[in-house]
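Notes follow once the structure below has been shown.
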Amino acid sequence: MLDKLIKSAFLKRKGKFSPDTDSYRIFDGVGDGLKNAFIDNFSGNWLVSYNEKIPFVNFDDALPKKSIWIKELKHEGKTSPKCIFGDPISSNFVINENKVLFEIDFSAGYSQGLFLDQRDNRSRIMKTSKGKMVLNCFSYTCGFSVAAALGGAKSTTSIDLSRSYLDWGKRNFLLNNINISDHFFCRGDVFRWLNQFKQKDRSFDTVILDPPSFSRDGKKGSFSVVNDYTHLIELAVKLVNPSGWVLACTNHRKLKSEDFINSITLGVNSAKRKILDMYSMPMPFDFSGENYLKSIWVQIS
4 MLDKLIKSAF
14 LKRKGKFSPD
24 TDSYRIFDGV
34 GDGLKNAFID
44 NFSGNWLVSY
54 NEKIPFVNFD
64 DALPKKSIWI
74 KELKHEGKTS
84 PKCIFGDPIS
94 SNFVINENKV
104 LFEIDFSAGY
114 SQGLFLDQRD
124 NRSRIMKTSK
134 GKMVLNCFSY
144 TCGFSVAAAL
154 GGAKSTTSID
164 LSRSYLDWGK
174 RNFLLNNINI
184 SDHFFCRGDV
194 FRWLNQFKQK
204 DRSFDTVILD
214 PPSFSRDGKK
224 GSFSVVNDYT
234 HLIELAVKLV
244 NPSGWVLACT
254 NHRKLKSEDF
264 INSITLGVNS
274 AKRKILDMYS
284 MPMPFDFSGE
294 NYLKSIWVQI
304 S
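Numbering (my numbering), first residue to last: 4 to 304.
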């Protein structure tokens with residue numbers, strides 16, 4: 004039964020992506036008939052994620068794939084995926100998304116280097132960044148920053164707690180033949196950097212906020228989307244140039260869209276700015292299950 008569901012989901016998506024995109028979600032849980040299983044295709048390398056034990060699957064040999072990896076979705080003891088089919092990838096490899104190259108590494112731990120559900124937001128960032136100064140908070144491997152740079156951004160600034168992720172981001176810049184001299188990589192706490200930028204009168208045309216639902220900095224404390232997003236918006240909005248934009252995202256599944264929008268509005272009001280425009284970006288079509296990712300584009304007065 005599951006084999007048939009996977010084949011049906013694959014065929015439903017087949018041909019809907021241009022040759023410039025080789026990575027996307029093949030099977031999206033409840034949207035494709037099984038709520039506990041997800042399959043992402045990274046340039047022919049399939050990553051099967053599940054949060055409950057799933058029955059053994061004989062993946063159809065007719066479906067094109069180089070390897071199959073499995074990853075259990077657990078809150079504790081998060082580990083790297085394991086290869087169950089094909090030749091294990093011994094090192095990182097490169098995928099293509101709308102002609103943008105990204106480094107992927109299945110051995111890097113729980114996350115592989117790029118969140119495919121942000122594909123449409125990255126595309127919009129690329130289309131709207133010409134001549135802009137872009138700030139990418141919680142930047143991970145700098146996917147948004149690379150998209151902005153390729154779209155002609157005047158400069159990008161990427162902030163992340165992890166030096167290794169920022170180094171990964173630099174490699175993504177170099178993969179796309181981008182000179183990093185006009186792009187900045189800031190290691191540390193986002194709140195501290197936002198306050199520091201305000202003190203130095205730095206401003207940006209676009210600010211991207213895509214934090215984890217919860218994170219902990221051993222030295223400084225912790226961050227929670229539910230408790231801290233309003234303050235995050237307030238600090239970010241204070242740095243936005245007139246008529247600039249904030250992209251506010253969260254993948255917190257239990258946070259309702261209306262509550263998230265309310266926290267954004269409160270943050271803008273606290274910064275003593277006004278909202279000129281606001282709209283929600285839907286998830287990419289291959290993510291047909293739960294609408295867990297909330298992406299709100301906000302234009303600031």
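Glycine residues also receive a C-beta, built at the ideal position from the N, C-alpha and C atoms.
Query                                                                                                                                                                                        : Result
Restricting to Cα atoms, I'd like to know which of Ser46, Phe41, Ser94 and Met284 is closest to Ile73.                                                                                       : Phe41
Check this for me: beta carbons of Ser206 and Leu242, under 8 Å apart or not?                                                                                                                : yes
Give me the Cβ distance between Val210 and Cys140, rounded to the nearest whole Å; I'm assuming they're in contact under 8 Å.                                                                : 7 Å
Does the distance from the CB of Gln286 to the CB of Leu279 come in under 8 Å?                                                                                                               : The displayed chain sequence assigns Met, not Gln, to residue 286. No.
Please return the same chain residues whose Cβ sits closer than 7 Å to the Cβ of Asn294, not counting the five positions on each side in sequence.                                           : Met286
Can you confirm whether the stretch 148–161 touches the stretch 249–269 when touching is taken to mean that 3 or more C-beta pairs between the two stretches lie within less than 8 Å?       : no
Straight-line CA distance for Lys275 to Thr160?                                                                                                                                              : 24 Å
Starting from Ser126, follow the alpha helix (DSSP H) in both directions and report where the run begins and ends.                                                                           : Arg122 to Thr131
How do the stretch 184–195 and the stretch 157–172 stand: do at least 3 beta-carbon pairs fall below 8 Å, yes or no?                                                                         : yes
Which of the three DSSP states is assigned to Asn179 in this structure?                                                                                                                      : coil
Quick check: Leu178 and Glu237, are their CB atoms within less than 8 Å of each other?                                                                                                       : no
Between Gln199 and Phe187, what straight-line distance do the alpha-carbon atoms span, to the nearest angstrom?                                                                              : 15 Å
Tell me which residues share the same chain as Asp289 and place their Cβ nearer than 6 Å to its Cβ, disregarding the 5 neighbours each side in the sequence.                                 : Arg16, Tyr27 and Arg28
Please state the DSSP three-state secondary structure of His255.                                                                                                                             : coil
Could you spell out where the alpha helix (DSSP H) holding Lys74 opens and where it closes?                                                                                                  : Where Lys74 is concerned, there is no enclosing alpha helix (DSSP H), although the beta strand (DSSP E) it sits in stretches over Ser70 to Glu75.
Please return the same chain residues whose Cβ sits closer than 8 Å to the Cβ of Lys157, not counting the five positions on each side in sequence.                                           : Gly134, Lys135, Met136 and Asp185
Please name the residue, chosen from Ser273, Tyr53, Val229 and Ala239, that lies closest to Asn254 on a Cα-to-Cα basis.                                                                      : Val229
Please go through the same chain and pick out, in chain order, the residues whose beta-carbon is closer than 7 Å to the beta-carbon of Asp23, but skip the five residues on each side of it. : Asn99, Asn101 and Lys102
Keeping to the same chain, check which residues put their C-beta closer than 6 Å to that of Tyr53; ignore five residues upstream and five downstream.                                        : Asn39 and Ala40
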